[in-house]
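See the structure below:
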């Protein structure tokens, strides 16, 4: 296109674009801001506060961190979550994540010691499935779990065992339909620190909480070291304060310890390092110290004698930590000395290893203890244990029996099943010989439904351990009516939910009352019972496509069901659906399956596909439900073959019985009648010599013709009067096409029968004539001739030719040649060709593939059989030069004679398939996709050749050396070298008519265009531009004027 034509078009396009933009109202492109009033009402979960653990803060005066967590101690998480929206929350989950704190910002998610992320997602806090979620909804303004929700995962509270460091705890509520995500998350910082602990524990040797009565009362003081990491305490010093109504107090060594006594020498005496210089390894001091290593225990023994000379009284033993010594490279070991080697008088600071006395440890609560006693008798019983036992076997009535397989459970989740709640009670009074009658009151509250069950018990015949019958608590001097410890149990069937369980022991009858209430109760709060949904998988014992409708059509369905809450499956209910179940129009089942029932014996369903109602593909299902209504179901589609036997008889007495097993709903015989037709037929194609005459012809048609894929099996039998008919073969005819039926003919004196095998046909025998042919059959023998001298030869271009001859006598019209061709990389093809054929070829372009071997197998056949022995021959298609041989470093030079060129090259690559080389050349170059020049010089196996240039026109000549193989295949190459021929026979080759015809592009005349090249715009272009401008402004004005109102009243039709 010339510049004179292009310029006006470009100008027109620019004008159209600019005027179109003028029609836009740019105000329409501005964003519309949403205001808060545009929001919709709905639920709004708010994580208002994280109650536990408390956030770590820093004292602004001392810089001390407050509310830190101790490394290695279990941490549970409690939070305040509420619905501040104005509609209920129907589905909500809670996510808890512990992050590493990086200068107060969230870092990576923290990990536990096993490398697991400290992140838990409980998606089942609120939902409509009571078997899964503790709460079905959270109403507007309602608090989750009364404002103190404990984060749980898989039914158990989340527990974190922290390591030292700084963390951020993030809690997020995920409520469906939440209208304000800004309050869904809360975050607090916590710091975890190392800690040390001196643990003191006082106890009466009798195990009582409060001693009583007369006589010496032995006690034991245990001292243990604890903490987050291994350390040793030195020279632990305690103050023992023994006060009250006592006559004496002595240690195990006989020392008087009544009143206040400083107790030292606790631990093992050992020679210990007490100082080490930071840099001077020779500056070390050792001394004897009493050491208690990490988690070691040291015991101090003593006894007190109550003063019984007066009235009643109290006494106590109290111990407090006074001090202990730490050894290490501690801040208190810092020493600053003058550096005498420095001319400037500088100083050096060392932090040595030294001992530092501590007056308190990091856990003050364990640094003191106290035990008490009374001169008068102290009356007390208490609960020492509360557990749940599960895993009972159910009897035939569905009630638990035997010993529990899962005893001693004290946290969730529980299985929803029959369980026993077992409490252990004990005599805790000061005088074991004072006997107490007792009972335990159990209270079980379902916090989801609000239902509460209360029951008293004083024996335990079905709990874990030996059967316990009620006895008094105490020691009756071997009379058998009392024992120091007792058991109480109650049965309870847990349903899915969250429970609070309390056991309270109380004295029954008697004249005394319990003097200590603090050990009378034991409880479990927030323990969950989660129902496990059953699972089921259904299988069919019969093989696919093997079931036939009828008395033998057995179908065995097996449901493999499992319920984690019922290992034996005694409570699982099975509901089966299958054909032959009476239904109403709306498919409501009227008569349930006989296979339905409860228990494992109903997991197998045996059915008989008796009628055609079962035939075809039907869906069989099983639904397995547990006692809480949770269910699982499975289904399978089963195919059943239909079966029918139909009969017919012609007026002449020829009978037909058709036994069909098929995929369908109906089958019958429409036509089975004698035909007036008769036939004389040459049966040579069927292997019988000569012509034969029909003895009976029957018109036949079925109601339906089923294809092979719809037929499982079929048998056809015919009967006739053997005294009047003598058939020797049976044929089926349709539209003049004859097919012999595989028939077995059996005769007696008067009765004849024909059994026809249709297995090779596959489909139902289609409509046609059934012809009974008579006469003695003359069977054609197999051929006498055979193939000889078969050869296969590969030639250039991948072509393969084969040739052969015959030995023996061939019978044209009867014999034929069976030709099988098998490629080494694919499937064989077989064709029957004329017996006179003696050659064949495979085209290299369309029928062969380079490198593939093709095998011919030939044999002479006729309708009877094929000649014994096969003739075979093979050849490998060769359409290219193998390997990667190329000519490199090509050169061309004028020969000394001046009338020729010498072309030379170096052979590179694999040349094992190369038979020789050709140099092809022409005036002018060529490229990929072009044919090689037709002018070539054969160099044989040499790597140079001389080419005459006599009579050639002037110009640049290009040369390429290509390999060829023994079949004549040759390669392709771009030019490898070129040379300029000057003063040739023709000065301008385009003057030669033949050359000009072969090279039209090279000989085209250039630069003769008459188009204007001054780039001026034609006059007509300005009229077009002005018209486009006018149209654009009219259209723009029309768009901006539609509606006539403000923006909201216009109809914009962009």
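In the working numbering, the protein residues as written are 21 to 1074.
Ideal Cβ placement from N, Cα and C applies to all residues, glycine included.
The structure presented is a predicted model; accordingly, all values stated were derived computationally and were not measured.
Beta strand (DSSP E) segment containing residue i, residue limits
i	result
residue 113	112 to 122
residue 535	Neither: residue 535 is in no beta strand (DSSP E) and is coded neither H nor E.
residue 217	216 to 224
residue 622	Looking at the DSSP string, residue 622 is not in any beta strand (DSSP E), and its letter there is neither H nor E.
residue 447	438 to 447
residue 178	It is not in any beta strand (DSSP E) - residue 178 carries neither H nor E in the DSSP assignment.
residue 810	806 to 814
residue 273	That residue, residue 273, is in no beta strand (DSSP E); it is neither H nor E in DSSP.
residue 714	711 to 722
residue 508	505 to 513
residue 1075	There is no way to answer for residue 1075, as the model of the chain reaches only from 21 to 1074.
residue 752	749 to 754
residue 187	185 to 195
Pair within 8 angstroms by beta-carbon distance, residue i and residue j
i	j	result
residue 448	residue 231	no
residue 467	residue 520	yes
residue 971	residue 929	no
residue 399	residue 454	yes
residue 394	residue 451	no
residue 652	residue 553	yes
residue 267	residue 325	yes
residue 943	residue 918	no
residue 105	residue 160	yes
residue 1090	residue 921	Any question about residue 1090 goes unanswered here, given that the chain covers just 21 to 1074.
residue 901	residue 830	no
residue 705	residue 853	no
For residue i, the three-state DSSP class (helix, strand or coil)
i	result
residue 233	coil
residue 907	strand
residue 884	coil
residue 56	Note that residue 56 scores 42 on pLDDT, short of 50, meaning its location in the model is unreliable; the coordinates nonetheless yield the value given after this. Three-state DSSP puts residue 56 in a helix.
residue 353	helix
residue 742	coil
residue 890	coil
residue 632	helix
residue 728	helix
residue 427	strand
residue 899	coil
residue 255	strand
residue 405	strand
residue 961	coil
residue 1001	strand
residue 203	helix
residue 385	helix
residue 547	strand
residue 167	helix
residue 239	strand
residue 771	strand
residue 704	helix
residue 277	coil
residue 658	strand
residue 452	coil
Candidates the options, of which the one nearest residue i by Cα
i	options	result
residue 964	974, 979 and 519	979
residue 174	670, 432 and 404	432
residue 939	948, 933 and 927	927
residue 357	778, 346 and 369	369
residue 798	536, 703 and 571	703
residue 696	93, 348, 715 and 155	715
residue 809	816, 818 and 822	822
residue 647	589, 332 and 689	589
residue 642	630, 861, 635 and 656	656
residue 76	131, 211 and 434	211
residue 469	987, 824, 156 and 689	156
Segments of 3+ residues assigned as beta strand (DSSP E) that fall wholly inside the stretch 777 to 862: 788 to 793, 806 to 814, 820 to 827, 836 to 843, 849 to 853 and 859 to 862
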